[in-house]
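In this note's numbering, the protein residues as written are 2 to 287. Here is the structure we will look at, set down as structure tokens.
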């Protein structure tokens, strides 16, 4: 297993699938046919890590779900020096902990427990639960069901040395209140620059509020109330974001989840995004 933390420096990674042609599969997917090749591709780009995706579709075929797959992830990580520090559990966006049956809620708890075990086995320090789109928290009751469900897993997460990061579309004050309801150091916040820009949130206010709880950061850009666009062409205020992040003392991961370019030109697209972010890292996070 390989876990990268560069002596207190930030690490730069990319979302799984961004180095694989979409071929009509949309902006984000698990690249079953190419996931292994993304390790050397990331290495050539000078990236430190890949954020793994665990989605509902074909989840039993995901390498995180089997001993053999976990061994392969560890082998590739060691061979190419590319870590997997974070697992994005899109599974729970398709099948939320709330607005569902008790049977499916219990299934989710079991799946999350197994993901935590898989994370520990590959040296990943964090499992993310997206609470956006289909899994967006709409009521106080849904929030309570979420807190009670995830709280069941926290002893196992602490024992494994794995955190659980929540990504929400809630305003910073409300998001902070949800985090504090757990009252547990294993619960973290995942921040997404593009989603926040789309919602019209203030980057300085958000980062300042969430800084003590930040477990990971996704780098993307979106138009206000709109979709994902190339970095620097949307409403994300990267100057304010990176300045505030630097002042907060954050030294974790920055994961590229940026817009796709032309199929077949994934390396060129990623290289442009990498340079865009490195310019801000050198200015504010060194």
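Beta carbons are placed, not taken as given, at the ideal position from N, Cα and C, and that holds for glycine.
By a C-beta neighbour count over all protein chains shown, 10 Å radius and 16 as the cutoff for buried, is residue 68 buried or exposed?
exposed
Residue 128 to residue 158 span [Cα, whole Å]
C-alpha separation (whole angstroms): 10 Å.
Given residue 64, which residues of its chain have a CB within under 8 Å of its CB, disregarding the five upstream and five downstream residues?
Cβ neighbours of residue 64 within its own chain (closer than 8 Å, five residues either side excluded): 36, 70, 71, 73 and 74.
Anticipated Cβ contact below 8 Å, residue 130 with residue 167, distance rounded:
6 Å
From residue 198 to residue 227, what does the alpha carbon distance come to, in whole angstroms?
9 Å
Straight-line CA distance for residue 217 to residue 104?
30 Å
Report the rounded CA-to-CA distance for residue 262 versus residue 270, giving the unit in angstroms.
6 Å
Distance check for residue 274 and residue 235, CA to CA, integer angstroms please.
The straight-line gap from Cα to Cα measures roughly 14 Å.
Got a sec, what are the start and stop residues for the beta strand (DSSP E) residue 193 sits in?
188-193
Could you tell me which of 172, 177 and 189 sits nearest to residue 196, measuring between CA atoms?
172
Note down, one range per segment and in chain order, each alpha helix (DSSP H) of at least 4 residues found wholly within the region 83-149.
92-95 and 103-123
Check residue 216 in the structure and name its three-state DSSP category.
strand
Status (buried if at least 16 other CB within 10 Å, exposed otherwise) for residue 141:
exposed
Over the uninterrupted beta strand (DSSP E) stretch that includes residue 14, give me the two end residues.
12-16
Could you give the distance in angstroms between the alpha-carbon of residue 53 and the alpha-carbon of residue 16?
7 Å
Residues near residue 33 by beta carbon distance below 6 Å, same chain, minus five either side:
Short of 6 Å from the beta carbon of residue 33, and not among the five residues preceding or following it, lies no beta carbon of its own chain.
Can you say whether residue 139 is buried or exposed, counting buried as having 16 or more other CB atoms within 10 angstroms of its CB?
exposed
Supposed close pair residue 77, residue 272 - CB separation, criterion 8 Å
That pair is no contact at about 21 Å.
Have a look at 180, 125, 126 and 135 and flag the residue whose alpha-carbon is nearest the alpha-carbon of residue 149.
180
Using the Cα positions of residue 115 and residue 254, report the straight-line distance between them to the nearest angstrom.
23 Å
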